[in-house]
Amino acid sequence: AHTLQQIVMRASACELTPHRARAQRGEGDCPICLSALGGGVRKKALLSCSHMFHAQCVESFERFALARGDAAPSCPCCRSSYCKKEF
């Protein structure tokens, strides 16, 4: 169970207006773990909806979605289906 503060923080991490530009620059925070995306240490995943995550975080999210019976995982931020590019 998440606290209200965690839910609000995740929702703000998924704000839609500047996410594409920040994602292209590798800035901002991962909406799943709330850690910085910057730096070159961790692999990142850019979804076709332009939301960016740490690759390991989105892989965990995908495993969870499949375990709960989802036919195909959707973006944790906007719930759209996606293709994923890792770098």
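The opening residue of the sequence shown carries number 7 in my numbering; numbering runs sequentially from there.
Think of the CB as a built atom: it goes at the ideal place given N, C-alpha and C, for glycine as much as any other residue.
*Taking one C-beta from the stretch 45-52 and one from the stretch 73-86 each time, how about it: are there three or more such pairs within less than 8 Å?*
no
_So, at 6 Å on beta carbons, what are the nonlocal neighbours of Phe-59 in its own chain, with the 5 sequence-adjacent residues on each side left out?_
Numbered from its first residue, the sequence shown carries residue 59 at position 53. Here the set comprises Cys-36, Ile-38, Ala-51.
*Using alpha carbons as the reference points, say which of Lys-90, Phe-93, Lys-91, Cys-83 lies closest to Leu-40.*
As a first step, residue 40 must be located in the sequence shown, where it is residue number 34. Residue Cys-83 is the option with its Cα nearest to Leu-40.
*Would you mind sorting Cys-89 into buried or exposed? The rule is 16 or more other CB atoms within 10 Å of its CB.*
Here the question's residue 89 lines up with position 83 in the sequence shown. Label assigned to Cys-89: exposed.
_Looking only at its chain, what residues have a beta carbon closer than 8 Å to the beta carbon of Ser-80, apart from the 5 residues adjacent to it on each side?_
Residue mapping note: residue 80 aligns to position 74 of the sequence shown, counting from 1. Taken in chain order, the residues that qualify are Ala-71, Ser-86, Ser-87, Tyr-88.
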